[in-house]
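Asks: In the UniProt record's numbering, the protein residues as written are 1 to 666.
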């Protein structure tokens with residue numbers, strides 16, 4: 001049955017032209033060596049009901065001529081027609097060269113026959129392959145072949161679905177390993193910059209080195225939707241780090257997209273955006289985001305000095321609107337701390353529900369996209385961060401929020417208050433223990449030989465000739481920002497016999513907690529600890545303490561029935577911090593003297609501190625580091641907790657105890 005073509009619509013602005021394009025699905029480009037996928041023809045009723053414009057460069061030229069404004073047209077109407085022509089020019093430039101069959105038909109025939117049936121339904125969406133975990137360098141190990149040849153981008157488009165809990169743990173471990181490697185490289189390059197005086201983008205240098213060595217994640221596939229192993233709320237101090245874990249594909253551009261050459265439709269499709277509020281027309285209410293396309297403005301300016309064009313990332317995001325493809329949204333937030341007063345947070349998946357092109361607030365034409373957050377995801381970072389801010393303000397004003405059973409568990413023993421929250425039940429057990437901020441190590445009898453170290457004689461602050469620094473391998477242990485440079489068997493800090501002041505860079509843990517923590521109760525983990533501040537990777541978090549029990553003085557039977565923490569059973573996660581050998585195998589590794597380890601255990605049955613409530617995880621975000629101060633007995637090192645990654649506010653802390661589920665009684 002023949003249908004007459006619909007009458008041509010009145011000349012519309014570009015947003016209305018968009019409605020002529022049918023929303024057909026994105027189909028991954030087939031493997032050239034694989035079998036030809038079977039396609040099921042669409043039902044006849046579906047064909048007759050679905051009309052679509054056969055868009056070709058020739059048709060765009062015909063429509064372009066039809067939309068030419070007349071001298072008698074209203075000025076505003078004429079401007080809309082010119083905008084539509086610009087829109088068509090961008091579309092024509094983005095289309096694939098027509099096939100031989102389509103090029104044989106004339107543009108007039110294409111314009112006369114505007115209707116054709118939709119393509120057959122797409123095959124089921126591919127799931128993320130288990131082989132993804134074995135991509136080169138993903139596990140953080142050295143790969144000789146990949147280190148010599150730069151990893152090429154994938155030509156396969158997949159979606160991560162139906163992952164088991166074990167899969168989530170594996171991919172989380174991959175992400176953590178990649179972030180640790182990036183931070184180790186970045187920190188190394190930054191120290192080289194400081195010593196040489198030559199400025200360089202140490203973050204970009206680290207990401208390029210990881211890319212060359214094949215350590216960027218998910219380079220073997222192009223992922224649409226969530227990235228496995230990356231959680232909503234994860235925070236990053238560097239945009240380059242976002243690219244390393246596969247969350248965004250463009251180190252500089254704000255729109256990450258899959259090129260049209262990799263898709264059967266031939267159209268680029270956006271998969272992620274970074275929104276930092278840098279454009280005058282941006283609007284952000286959290287769940288709804290109005291994002292301005294790229295181009296048309298000078299660096300470090302918010303207003304536009306030229307018209308934007310519908311090409312590259314702008315065109316890809318427009319196609320995501322047409323095809324209904326969800327987009328990963330990463331927001332940039334200004335902060336008062338951190339390397340460059342900026343942090344990037346993954347806020348989950350959004351759907352582009354509107355795409356417009358027209359005059360912006362500066363008077364120039366801009367591409368604007370309205371995105372709405374998909375339901376069923378974890379809370380927005382802006383919401384959780386605001387909650388943490390309100391909690392801290394309440395603590396400072398000594399106002400107890402609802403369901404908080406204490407404003408300060410430490411009763412003033414810590415430098416910062418440690419509130420306790422229970423919104424699950426009526427358990428108040430943390431209040432029943434005696435809180436101790438530091439362990440009380442026993443004094444050895446005078447006749448017992450003890451290996452000790454004397455103090456340094458640095459007056460203003462410790463430097464390269466410091467005696468304590470030489471004990472640490474001859475290099476600084478901490479940066480000027482109090483960040484641990486590299487994990488080691490034991491860190492030697494300056495002590496009571498040293499001549500340096502408490503502000504010395506080698507006394508980080510002695511200055512106490514700098515980040516606010518909260519003890520809270522949850523259904524999943526019982527009592528736990530979460531951060532109220534943004535914690536930088538490598539930063540000191542707190543000390544792990546309890547009643548000290550000397551192993552030689554206490555028989556094993558006397559400890560039965562008690563809650564015991566054995567420092568020797570903690571896995572040596574410190575080896576992972578600052579280790580860039582996976583990417584730089586020739587990087588100089590410090591040689592550490594053999595350390596026997598602690599000669600005590602902690603009994604936390606009656607005395608404990610906030611660290612005792614940290615939950616166990618095989619993919620932790622904090623780790624344990626032994627620390628000695630001055631001439632302290634090496635059998636009694638302090639158990640210091642350091643951040644292993646960027647920890648956002650309201651994120652629970654987790655540590656690897658090495659004894660699965662055996663601490664549930666604590």
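We put the CB at the ideal spot given by N, CA and C, even for glycine. Predicted, not measured: the structure shown is a model, and the values here were computed from it.
(1) Only counting the same chain, and skipping five residues up and downstream in sequence, which positions put a Cβ closer than 6 Å to that of residue 46?
(2) Nearest to residue 540 by alpha carbon, out of 638, 193 and 381?
(3) My parser needs the alpha helix (DSSP H) runs of 4 or more residues fully inside the region 456-486; what are they?
(4) In the DSSP assignment, what are the bridge partners of residue 738?
(5) Give the single residue among 611, 597, 346 and 260 whose Cα lies nearest to the Cα of residue 528.
(6) Give the single residue among 646, 438 and 620 whose Cα lies nearest to the Cα of residue 545.
(7) Could you give the residue range of the beta strand (DSSP E) that holds residue 356?
(8) Between the region 232-251 and the region 198-216, are three or more C-beta pairs nearer than 8 Å?
(9) Give the secondary structure of residue 543 by DSSP, where H, G and I count as helix, E and B as strand, and everything else as coil.
(10) Buried or exposed for residue 384, going by 16 or more other Cβ atoms inside 10 Å?
(11) Decide yes or no for the touch test of the region 324-339 against the region 263-274: beta carbon pairs closer than 8 Å, at least 3 of them.
(12) Just to confirm my understanding: we take residue 615, look at its own chain, exclude 5 residues before and 5 after, and list those with CB closer than 6 Å. What are they?
(13) Label residue 229 either buried or exposed according to how many other C-beta atoms from any shown protein chain fall within 10 Å of its C-beta, with 16 as the threshold for buried.
(14) Taking only three categories from DSSP, how would you classify residue 531?
(15) Rounding to the nearest angstrom, what Cα-Cα distance links residue 288 and residue 485 in this structure?
(16) When you compare only the Cα positions, how much space is there between residue 603 and residue 313?
(17) Suppose you measure from the CA of residue 332 to the CA of residue 283; what does that come to, to the nearest Å?
(18) Which full runs of the beta strand (DSSP E) of 3+ residues lie inside the region 244-273, going along the chain?
(19) With a threshold of 16 other CB atoms inside 10 Å of the CB of residue 376, please say whether the residue is buried or exposed.
(20) Per DSSP, residue 643 forms a beta bridge with which residues?
(21) DSSP three-state label for residue 144, please.
(22) Would you mind sorting residue 656 into buried or exposed? The rule is 16 or more other CB atoms within 10 Å of its CB.
(23) Can at least three beta-carbon pairs, one atom from the region 627-634 and one from the region 511-520, be found at a separation below 8 Å?
(24) Extract the residue ranges of the beta strand (DSSP E) inside the region 153-223, only unbroken runs of 3 or more that lie entirely within it.
(25) Mind the definition here: the region 565-579 touches the region 355-372 only if three or more C-beta pairs lie below 8 Å; say whether that holds.
(26) Within its chain, find whatever has a CB closer than 7 Å to the CB of residue 407; leave out the 5 residues flanking it on each side and keep chain order.
(27) Considering only their Cβ atoms, is the gap separating residue 236 from residue 646 smaller than 9 Å?
(28) Please report the straight-line C-alpha distance between residue 422 and residue 459, rounded to a whole angstrom.
(29) In whole angstroms, give me the CA-to-CA distance for residue 318 and residue 357.
(30) If you draw a straight line from the alpha carbon of residue 659 to that of residue 566, how long is it in whole angstroms?
(31) Along the beta strand (DSSP E) that carries residue 498, what are the first and last residues, could you check?
(32) Where residue 641 and residue 537 are concerned, what is the direct C-alpha to C-alpha distance, given to the nearest angstrom?
(33) Answer yes or no: the CB of residue 434 versus the heavy atoms of the ligand MG, is any distance below 8 Å?
(34) Give the straight-line distance between the Cα atoms of residue 550 and residue 608, rounded to the nearest whole angstrom.
(35) Using alpha carbons as the reference points, say which of 600, 516, 427 and 201 lies closest to residue 648.
(36) In terms of residue numbering, what span does the alpha helix (DSSP H) encompassing residue 313 cover?
Replies: Let's see:
(1) As a working mapping, residue 46 is identified with position 46 in the chain shown. Confidence is the limiting factor: at residue 46 the pLDDT is only 43, short of 50, which leaves the residue's position unreliable, though a coordinate-based value still follows. Around residue 46: no qualifying Cβ.
(2) Residue numbering aside, residue 540 sits at position 540 when the chain shown is read from its first letter. Here the closest residue by C-alpha is 638.
(3) With a minimum length of 4 residues, the continuous alpha helix (DSSP H) runs that stay inside the region 456-486 are 467-471.
(4) The shown model of the chain, from 1 to 666, leaves out residue 738, and the question about it has no answer.
(5) Along the chain shown, one-based indexing puts residue 528 at 528. Relative to the Cα of residue 528, the nearest Cα in the group 611, 597, 346 and 260 belongs to 611.
(6) Within the chain shown, numbered from 1, the residue matching residue 545 stands at position 545. Ranking the options by Cα distance to residue 545, first place goes to 438.
(7) As a working note, residue 356 is residue 356 in the chain shown. Residues 342-359.
(8) yes
(9) By one-based count along the chain shown, residue 543 stands at place 543. Residue 543 falls in the strand class under three-state DSSP.
(10) The residue labelled residue 384 in the question sits at position 384 within the chain shown. Burial check for residue 384: the Cβ neighbour count within 10 Å reaches 16 or more, so the residue is buried.
(11) yes
(12) Mapped onto the chain shown, residue 615 falls at position 615. Correct list, in chain order: 525, 528 and 654.
(13) Start at 1 with the first residue of the chain shown, and residue 229 comes out as number 229. By the neighbour-count rule (16 or more Cβ atoms within 10 Å), residue 229 is buried.
(14) Taking the chain shown and counting its residues from 1, the one referred to as residue 531 is at position 531. Residue 531 falls in the strand class under three-state DSSP.
(15) By one-based count along the chain shown, residue 288 stands at place 288. By one-based count along the chain shown, residue 485 stands at place 485. Going by the C-alpha atoms only, they are around 40 Å apart.
(16) In the chain shown, the residue the question calls residue 603 occupies position 603. In the chain shown, the residue the question calls residue 313 occupies position 313. Rounded to the nearest angstrom, the two C-alpha atoms are 58 Å apart.
(17) Walking along the chain shown from the start, residue 332 turns up at place 332. Walking along the chain shown from the start, residue 283 turns up at place 283. Whole-angstrom Cα-Cα distance: 14 Å.
(18) Contiguous beta strand (DSSP E) elements confined to the region 244-273 occur at 255-258, taking only those with 3 or more residues.
(19) Stepping through the chain shown from its first residue, residue 376 is reached at position 376. With fewer than 16 other Cβ atoms within 10 Å, it is exposed.
(20) Numbered from 1 along the chain shown, position 643 holds the residue referred to as residue 643. Partner(s): 622.
(21) Here residue 144 corresponds to residue number 144 of the chain shown, with the count starting at 1. Any reading at residue 144 must be qualified, since the residue scores a pLDDT of 37, below 50, and its modelled position is unreliable; no value is offered.
(22) For the purposes of this step, residue 656 is taken as the residue at position 656 of the chain shown. Answer is buried; the Cβ neighbour count reaches 16.
(23) no
(24) Counting only runs of 3 or more, we get 157-159.
(25) no
(26) For this step, residue 407 is matched to residue 407 along the chain shown. The beta carbon of residue 407 sits closer than 7 Å to those of 395, 398, 400, 417 and 419, all from its chain and outside the five residues before and after it, given in chain order.
(27) In the chain shown, residue 646 corresponds to position 646, counting from 1. In the chain shown, residue 236 corresponds to position 236, counting from 1. Yes.
(28) Mapped onto the chain shown, residue 422 falls at position 422. Mapped onto the chain shown, residue 459 falls at position 459. If you take the alpha carbons of residue 422 and residue 459, they lie about 48 Å apart.
(29) Here the question's residue 318 lines up with position 318 in the chain shown. Here the question's residue 357 lines up with position 357 in the chain shown. Rounded to the nearest angstrom, the two C-alpha atoms are 10 Å apart.
(30) For the purposes of this step, residue 659 is taken as the residue at position 659 of the chain shown. For the purposes of this step, residue 566 is taken as the residue at position 566 of the chain shown. One C-alpha to the other measures close to 10 Å.
(31) Taking the chain shown and counting its residues from 1, one reaches residue 498 at position 498. Element bounds for residue 498: n/a, residue is neither H nor E.
(32) Counting from 1 along the chain shown, the entry for residue 641 is found at position 641. Counting from 1 along the chain shown, the entry for residue 537 is found at position 537. The alpha-carbon atoms of residue 641 and residue 537 are separated by roughly 12 Å.
(33) In the structure on display, the ligand MG does not appear, and there are no ligands present to speak of.
(34) Numbered from its first residue, the chain shown carries residue 550 at position 550. Numbered from its first residue, the chain shown carries residue 608 at position 608. C-alpha separation (whole angstroms): 17 Å.
(35) Indexing the chain shown from 1 puts residue 648 at position 648. The residue with the shortest Cα to Cα distance from residue 648 is 516.
(36) As a first step, residue 313 must be located in the chain shown, where it is residue number 313. Unbroken alpha helix (DSSP H) run through residue 313: 312-323.
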